[in-house]
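Only one structure is covered here, and it is reproduced in the block below.
In our numbering, the protein residues as written are 192 to 625.
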């Protein structure tokens, strides 16, 4: 077989290989030589460390324009709001509610089981100081006024460009939400062109993110080598605990919260619901992409669940970007896990901030594999956790991405079912199985 016909390994396989190479190499150094050896310190400071930093800096460079364009486009897609009447408002409110429930479940699980505890404080502090002097300096920690209780005042930027220049993510996201609402309310040829321009910006950012993610296998190997050389076997134990807590929180949301919503608000049997949407769940799990699953979700919503076509298309299309409650849950679990791992004690106020950012980030997260990585990296830096720690979870992220994408797509169909129940009588007639 020639080089031109040799099949390429999927990116998630390369990421797993990079994870294993870095992990095994770091463990070998930790067990045989020790992480304090001068040449190991030189290697981590001058080779593997900077290589991982390049990957993180590229993510930071793209995160704000990506989030801004994704949020604006997601809200602007509610252009059918006047046509659908109450459907748009109901879908937005229910999306925020169910995303908040998801994040709360994740935060409670992490605080109860504390999967990141038990690491040697001296080693954690060593890596924490490295993170503060490295990539974390790009975005800084949370502003002092947030910790002083002026959180809601700081949500409204006096100058959005200054907020963007200072990497204050929350004010920029609030401005993006207001900007999207303005596009929905203002209908003119000029605003349509502006919407198309922002959609073009989103597409460019998505392309660049996809290019950056291709560097992830090398970055993972470098980041994992640094972490494993410092922490040794403790790393494996903590990582297994993290996966268990994340999957457990997702399972509670999938098999407890969703059935309750379907039975009480959606007026449908949960067993029938899950049976009718199983094809969409399989596709979302295998592709790890809400966007790639959208055509199947639309078909099962209309043909299997019997939802009104107009409402199903509106809710599911917007939901593919704006209803990422599985991603919001994962982001919250990841941030608190890494905070525990590095000994960063987050107050209830800071955890509340994390929850809000995760909910908003769920709206702005791209519906593609690994689309949540830029948001997680930004939140980590906001609360003073070294973004390098993201290397801990990248190796297992593909499996968790498949799980949370399934949760996202199922959540879209839950919202569509709930909204359809109240709007069926007022919806414009759709030709019945005609």
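Glycine is no exception: its CB is placed at the ideal position from the N, C-alpha and C atoms.
Inter-residue Cα distance where the pair is residue i and residue j
i, j, result
"residue 289", "residue 305", "24 Å"
"residue 377", "residue 264", "14 Å"
"residue 529", "residue 544", "16 Å"
"residue 538", "residue 293", "20 Å"
"residue 595", "residue 549", "14 Å"
"residue 340", "residue 357", "Note on residue 340: pLDDT 42, under 50, position unreliable in the model; no value is reported."
"residue 435", "residue 300", "10 Å"
"residue 610", "residue 239", "50 Å"
"residue 374", "residue 382", "7 Å"
"residue 234", "residue 471", "46 Å"
"residue 532", "residue 597", "27 Å"
"residue 603", "residue 367", "22 Å"
"residue 501", "residue 489", "10 Å"
"residue 589", "residue 210", "11 Å"
"residue 257", "residue 612", "34 Å"
"residue 393", "residue 371", "13 Å"
"residue 599", "residue 224", "44 Å"
"residue 246", "residue 503", "38 Å"
"residue 442", "residue 467", "19 Å"
"residue 403", "residue 353", "26 Å"
"residue 215", "residue 415", "9 Å"
"residue 617", "residue 350", "Since pLDDT at residue 617 reaches only 44, below the 50 mark, its modelled position is unreliable, and the value read off the structure follows with that caveat. One C-alpha to the other measures close to 42 Å."
"residue 297", "residue 303", "10 Å"
"residue 338", "residue 344", "Caution applies to residue 338, whose pLDDT of 38 falls short of 50 and renders its modelled position unreliable; the value that the coordinates give is listed next. So the alpha carbons of these two residues sit roughly 12 Å apart."
"residue 626", "residue 540", "Given a span of 192 to 625 for the chain in the structure shown, any question on residue 626 remains unanswerable."
"residue 369", "residue 230", "52 Å"
"residue 547", "residue 237", "37 Å"
"residue 384", "residue 461", "43 Å"
"residue 213", "residue 241", "15 Å"
"residue 454", "residue 380", "43 Å"
Where the alpha helix (DSSP H) through residue i begins and ends
i, result
"residue 522", "516-532"
"residue 394", "380-404"
"residue 463", "461-467"
"residue 454", "449-455"
"residue 494", "Here residue 494 belongs to no alpha helix (DSSP H), and DSSP marks it neither H nor E."
"residue 584", "582-585"
"residue 232", "229-234"
"residue 353", "351-356"
Spatially closest choice to residue i from the options, by CA coordinates
i, options, result
"residue 424", "404, 407, 255 and 583", "583"
"residue 232", "396, 254, 365 and 418", "418"
"residue 429", "525, 362 and 454", "525"
"residue 626", "204, 608 and 612", "Any question about residue 626 goes unanswered here, given that the chain covers just 192 to 625."
"residue 542", "398, 576, 565 and 603", "576"
"residue 474", "491, 385 and 462", "491"
"residue 386", "254, 457, 496 and 262", "262"
"residue 440", "518, 486 and 540", "518"
"residue 206", "248, 409 and 215", "409"
"residue 608", "535, 551, 498 and 252", "498"
"residue 495", "516, 520, 463 and 481", "463"
"residue 284", "551, 460, 601 and 390", "551"
"residue 390", "267, 221, 230 and 446", "267"
"residue 446", "455, 465 and 458", "465"
"residue 291", "380, 455, 308 and 520", "520"
"residue 208", "601, 220 and 407", "407"
"residue 534", "295, 574, 379 and 449", "574"
"residue 515", "398, 379 and 601", "601"
"residue 427", "455, 228 and 308", "308"
"residue 295", "260, 444, 219 and 388", "444"
CB of residue i within 7 Å of CB of residue j, strictly
i, j, result
"residue 606", "residue 286", "yes"
"residue 413", "residue 243", "yes"
"residue 365", "residue 346", "yes"
"residue 355", "residue 255", "yes"
"residue 217", "residue 420", "yes"
"residue 581", "residue 522", "no"
"residue 578", "residue 571", "yes"
"residue 476", "residue 593", "yes"
"residue 527", "residue 400", "no"
"residue 411", "residue 200", "no"
"residue 587", "residue 282", "no"
"residue 591", "residue 437", "yes"
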